[in-house]
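Peer 1: Be aware that the sequence shown starts at 1, since it is given in the UniProt record's numbering, and climbs by one per residue. Every residue gets a Cβ at the ideal spot worked out from N, C-alpha and C, and that includes glycine. The model shown is predicted, which means the values in this text are computed figures rather than measured ones.
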Amino acid sequence: MGLRGFGSDNFSGVLPEVFKALEESAFGHQHSYGEDKYTEKAIEDFKQIFGDDIDVYFVYNGTGANILSLSAFTHSYNAIICAETAHINVDECGAIEKQTGSKLLTVPTFDGKLSLGLIHNHMHGFDDQHHAQPKIISLTQCTELGTVYTHDELKEICDFAHAHDMYVHMDGARLANAVAYLGCTPASITKEVGIDVLSFGGTKNGMMFGEAVVFFNTTMSKEVKYIRKQLMQLHSKSRFIAAQFSAVLKDNLWLKSAAHANAMAQKLANAAEQIPSVSITQKVEANEIFAIIPREKITKLQNECFFYVWDEDAAEVRWVCSFDTTENDVIEFANLLRQELC
Numbered sequence: 001m002g003l004r005g006f007g008s009d010n011f012s013g014v015l016p017e018v019f020k021a022l023e024e025s026a027f028g029h030q031h032s033y034g035e036d037k038y039t040e041k042a043i044e045d046f047k048q049i050f051g052d053d054i055d056v057y058f059v060y061n062g063t064g065a066n067i068l069s070l071s072a073f074t075h076s077y078n079a080i081i082c083a084e085t086a087h088i089n090v091d092e093c094g095a096i097e098k099q100t101g102s103k104l105l106t107v108p109t110f111d112g113k114l115s116l117g118l119i120h121n122h123m124h125g126f127d128d129q130h131h132a133q134p135k136i137i138s139l140t141q142c143t144e145l146g147t148v149y150t151h152d153e154l155k156e157i158c159d160f161a162h163a164h165d166m167y168v169h170m171d172g173a174r175l176a177n178a179v180a181y182l183g184c185t186p187a188s189i190t191k192e193v194g195i196d197v198l199s200f201g202g203t204k205n206g207m208m209f210g211e212a213v214v215f216f217n218t219t220m221s222k223e224v225k226y227i228r229k230q231l232m233q234l235h236s237k238s239r240f241i242a243a244q245f246s247a248v249l250k251d252n253l254w255l256k257s258a259a260h261a262n263a264m265a266q267k268l269a270n271a272a273e274q275i276p277s278v279s280i281t282q283k284v285e286a287n288e289i290f291a292i293i294p295r296e297k298i299t300k301l302q303n304e305c306f307f308y309v310w311d312e313d314a315a316e317v318r319w320v321c322s323f324d325t326t327e328n329d330v331i332e333f334a335n336l337l338r339q340e341l342c
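#1: Is it the case that the Cβ atoms of C321 and A265 are separated by a distance below 8 Å?
#2: When you compare only the Cα positions, how much space is there between S246 and G7?
#3: In terms of residue numbering, what span does the beta strand (DSSP E) encompassing Y308 cover?
#4: When we look at the beta-carbon of A212 and count the other beta-carbons within 10 Å, is it buried (16 or more) or exposed?
#5: Does M170 come out as helix, strand or coil in the three-state DSSP assignment?
#6: Can you list, in chain order, the residues of its chain with a C-beta nearer than 7 Å to that of T325? Leave out the 5 residues immediately preceding and following it.
#7: Exposed or buried, what is K191 when buried is set at 16 or more other beta-carbons lying within 10 Å of its beta-carbon?
#8: Look up L249 in the DSSP assignment and say whether it is helix, strand or coil.
#9: By a C-beta neighbour count over all protein chains shown, 10 Å radius and 16 as the cutoff for buried, is L116 buried or exposed?
#10: Since D111 and L145 are thought to touch, with beta carbons under 8 Å apart, how far apart are those beta carbons, to the nearest angstrom?
#11: For the beta strand (DSSP E) that Q30 lies in, which residues bound it at each end?
#12: Quick check on R318: does DSSP put it in helix, strand or coil?
#13: Please work out which residues of its chain come closer than 7 Å, Cβ to Cβ, to R338, disregarding the five sequence neighbours upstream and downstream, and give them in chain order.
#14: From I67, L341, F323, A173, pick the residue whose C-alpha is nearest to that of K297; which is it?
#15: When the Cα atoms are used, what is the spatial distance from N89 to L104?
#16: Classify T106 as helix, strand or coil using the three-state DSSP reduction.
#17: Can you check whether the CB of V107 is closer than 8 Å to the CB of residue 378?
#18: List the endpoints of the continuous alpha helix (DSSP H) containing P294.
#19: For a test of the three-state rule: what should DSSP assign to C82, helix, strand or coil?
#20: Please work out which residues of its chain come closer than 6 Å, Cβ to Cβ, to T143, disregarding the five sequence neighbours upstream and downstream, and give them in chain order.
#21: Could I get the ranges of all uninterrupted alpha helix (DSSP H) runs contained in the stretch 156-243, with 4 residues as the minimum, in chain order?
#22: Is the CB-CB distance between I289 and A269 below 8 Å?
#23: On the CB-based measure, 16 or more other CB atoms within 10 Å of its CB, does C158 come out buried or exposed?
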């Protein structure tokens with residue numbers, strides 16, 4: 001491997017502030033299973049962002065966060081509506097259906113975003129004992145195609161869901177990138193539009209490990225502590241997840257890191273779209289770029305600077321920038337693209 005790759009924001013290391021927080025929390029004894037001062041502090045940090053009327057649960061990873069979120073709102077006879085490209089459908093090895101027992105009802109989309117028109121396709125079979133009962137809509141922000149839901153788009157879906165006695169989950173593995181792109185407050189595209197539960201990402205934005213589940217609909221979170229234990233997502237030394245969150249939430253570090261990743265993606269997209277044989281396929285609204293490039297050049301480019309193929313049939317690839325992507329990384333990769341593709 002030559003250049004630093006653009007495969008995933010999971011490839012990146014750890015923010016120095018996070019590493020320092022882990023080091024500082026490593027000494028001495030604290031109560032276990034969340035009854036420690038670090039967990040208490042991190043929960044207060046989340047309340048500074050979203051208000052006091054929330055419940056926060058820390059988990060190991062994104063799949064665990066999504067399962068815990070959706071398990072709180074569903075029974076095994078329910079169904080979950082999501083985009084066909086959703087992480088819960090494509091990249092979690094059937095975990096949602098196995099662990100919740102609920103059926104995923106997927107919707108094909110061009111840009112990864114659900115709309116009322118698309119959701120309507122699955123709004124039938126209510127009160128029919130032969131039909132899985134739709135109960136929750138899962139949205140990804142940012143979407144798996146790097147696009148971002150606006151405040152109005154989210155509110156329209158949440159209002160619709162609640163009018164039909166349904167709930168809305170947000171997979172916010174890259175929520176920070178969406179907030180940075182929109183220039184809004186985190187609450188304005190989650191709690192204030194009617195999101196019931198949020199999987200709040202940490203790992204893709206500079207943490208070593210750990211995610212958070214934030215319940216805005218706290219009437220549904222009363223038994224979540226038991227579900228988390230059964231799902232093997234209760235960390236005995238919870239302080240090591242909590243301390244990281246306090247570090248990234250302090251002084252809006254999580255948003256600054258995401259804004260940098262977004263800016264690097266835009267810089268790379270601007271350079272790549274000047275190459276005639278490159279076609280950018282999605283709006284670059286966060287830290288991901290999707291592009292069609294000459295098929296015969298993909299392997300050689302990957303050997304020089306790794307990235308993933310998104311759609312084999314279309315020769316569509318994905319480039320992802322991270323909090324630690326540098327301008328020099330972008331310039332070197334753009335030069336490589338020009339060298340190989342022009």
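Peer 2: With the given structure in hand:
#1: By one-based count along the sequence shown, residue 321 stands at place 321. By one-based count along the sequence shown, residue 265 stands at place 265. Yes, these two residues count as a Cβ contact at 8 Å.
#2: Start at 1 with the first residue of the sequence shown, and residue 246 comes out as number 246. Start at 1 with the first residue of the sequence shown, and residue 7 comes out as number 7. Distance between the alpha carbons of S246 and G7 is about 27 Å.
#3: Stepping through the sequence shown from its first residue, residue 308 is reached at position 308. Where Y308 is concerned, the enclosing beta strand (DSSP E) stretches over 308-311.
#4: Walking along the sequence shown from the start, residue 212 turns up at place 212. Buried.
#5: Mapped onto the sequence shown, residue 170 falls at position 170. In this structure, M170 counts as strand in the three-state DSSP scheme.
#6: As a first step, residue 325 is located in the sequence shown; it is residue number 325 there, counting from the start. Excluding positions up to five away in sequence, the list reads A261, M264.
#7: Here residue 191 is taken as the residue at index 191 of the sequence shown, counted from 1. Buried.
#8: Translated into the one-based positions of the sequence shown, residue 249 becomes position 249. The answer is helix: DSSP assigns L249 an H, G or I state.
#9: Within the sequence shown, the letter at position 116 stands for residue 116. Per the 10 Å Cβ criterion, exposed.
#10: Within the sequence shown, the letter at position 111 stands for residue 111. Within the sequence shown, the letter at position 145 stands for residue 145. Contact holds; Cβ gap of about 6 Å.
#11: Start at 1 with the first residue of the sequence shown, and residue 30 comes out as number 30. Note, Q30: premise wrong, no beta strand (DSSP E); not H, not E.
#12: Locating residue 318 in the sequence shown gives position 318, counting from the first residue. Looking at R318 - three-state DSSP - the assignment turns out to be strand.
#13: Taking the first residue of the sequence shown as 1, we reach residue 338 at position 338. I275.
#14: Position 297 of the sequence shown, counted from the first residue, corresponds to residue 297. The shortest C-alpha separation from K297 is found at L341.
#15: Residue numbering aside, residue 89 sits at position 89 when the sequence shown is read from its first letter. Residue numbering aside, residue 104 sits at position 104 when the sequence shown is read from its first letter. Each residue's alpha carbon lies about 7 Å from the other.
#16: Position 106 of the sequence shown, counted from the start, is the residue given in the question as residue 106. Correct three-state label for T106: strand.
#17: Coverage of the chain is limited to positions 1 through 342, which leaves residue 378 absent and any answer about it impossible.
#18: Here residue 294 corresponds to residue number 294 of the sequence shown, with the count starting at 1. Unbroken run through P294: none, as it is neither H nor E.
#19: As a position in the sequence shown, residue 82 is number 82, starting the count at 1. Here C82 sits in strand by DSSP.
#20: Taking the first residue of the sequence shown as 1, we reach residue 143 at position 143. The answer, listed in chain order, is G112, K113.
#21: 175-182, 224-230
#22: Mapped onto the sequence shown, residue 289 falls at position 289. Mapped onto the sequence shown, residue 269 falls at position 269. Yes, they are a contact pair.
#23: In the sequence shown, counting from the first residue as 1, residue 158 sits at position 158. Counting Cβ neighbours within 10 Å, C158 comes out buried, since at least 16 surround it.
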